[in-house]
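Residue numbers (this note's numbering), protein chains in the order written: chain Z, 258 to 407; chain R, 6 to 264.
Using N, Cα and C, we set each Cβ at its ideal position, and we do this for glycine too.
Structure (structure tokens):
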């Protein structure tokens, strides 16, 4: 039952999230043809060097969202707005320690190994990843973006 | 401290709703070559975009085109999609409610095709990254390319460092553009437990389509990858636990020399 409620809540937040990002994306995504906006070398930062678009959704600045419970710990994000666009989202808080999930143990088969994820300091050439996902992340981000409304 | 950098040509453009980065780690690469690669992605987007009313996919979804009117590329992508559906127990399926969205295959397919443009120009040491799905060829400054797996809880962080050459890597997850993958067997169920699934395969096309299908399987996805020869995977779940396949560690860089 709890799972159902959580799922319903997540669907709702996804809808909000898509709306927010859908609108933000219209100003960040260059026309996909000739001379699309070139950006600096960081492959992880989907920002273009544009000027403030007219009718910006957001004020410039850093906006800290509320702390949200992600069930495995608290999550809090900060939204960075430059030139009226959301340019970065930083995690101020996210859970570091979790107890090993019972679920995964019962699921695991001998060939598979589990580990707690751990941040790495190494320099890399490229990054592969699906981007920000968690429910708590979106709650906190929605809060931050509400504060950023121009 | 810093290794002397050899000449390298690198550019990122925002296309198809994501950053696409190409780097050629060789001296003498021409910006024209990069332009040709980006122009190819623009053509693919014009054909396959589900966001553009004028795309062939949009026209097919509106019922305006007969199968005989499909372009060769669309026909090929549909055939590859059907093959992938059969290979993945039906978990990979571009059709939903009579509408098709081949994005889960087109990206890897397009990156793989774009590699041919670089190869025709004589390049062997490069990567092409489209939204985190990456074709990796040759070396960067004499060593394997270093690829980080992004922390799904913190996009500024990486949680794993891989050393890759002549391979493809793709990560499926609940991406920033919204939930874009679903389980065809339970179309209404949100996939929330697995946050990201990274697959390393023989090339980016293979890695991408298997990452997409395996992600739709939920927790079973990593087991599926374990059973596909030549593929390795790294899954991160909502508990920040990672589960990886038996051969995955051959790609991980455990002792990074301080260069």
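When secondary structure is reduced to three states using DSSP, residue 218 of chain R falls in the helix class. Contact of residue 379 of chain Z with chain R by beta-carbon distance below 8 angstroms involves 151, 153, 163, 166, 258, 261. The three-state secondary structure of residue 258 of chain R, taken from DSSP, is coil. At a cut-off of 9 angstroms between beta-carbon atoms, residue 72 of chain R makes no contact with chain Z. When the five nearest sequence neighbours on each side are left out, the beta carbons in the same chain lying within less than 8 angstroms of the beta carbon of residue 122 of chain R are those of 38, 41, 42, 45, in order along the chain. Contact annotation for residue 132 of chain R against chain Z: 382, 383 [CB-CB distance below 8 angstroms, chain order]. In the structure shown, residue 67 of chain R adopts coil according to DSSP, grouped into three states. Counting every other CB atom within 10 Å of its CB across the protein chains shown gives residue 232 of chain R a total below 16, marking it as exposed. In this structure residue 133 of chain R touches residue 27 of chain R by the C-beta definition: roughly 5 angstroms separates them, less than 8 angstroms. Against residue 32 of chain R, chain Z offers no close residue; the least beta-carbon distance is about 17 angstroms (beta-carbon pairs closer than 7 angstroms). Around the beta-carbon of residue 157 of chain R, 16 or more other beta-carbon atoms lie within 10 Å, marking it buried. Taken through DSSP and simplified to helix, strand or coil, residue 234 of chain R comes out as coil. By DSSP's assignment, residue 383 of chain Z forms a beta bridge with R:152.
One Cα belongs to residue 159 of chain R, the other to residue 17 of chain R, and the distance between them is close to 22 angstroms.
Counting of Cβ neighbours within 10 angstroms places residue 56 of chain R among the exposed residues, the total staying below 16. In the structure shown, the three-state DSSP call for residue 202 of chain R is strand. By the neighbour-count definition (other C-beta atoms within 10 Å, threshold 16), residue 173 of chain R is a buried residue.
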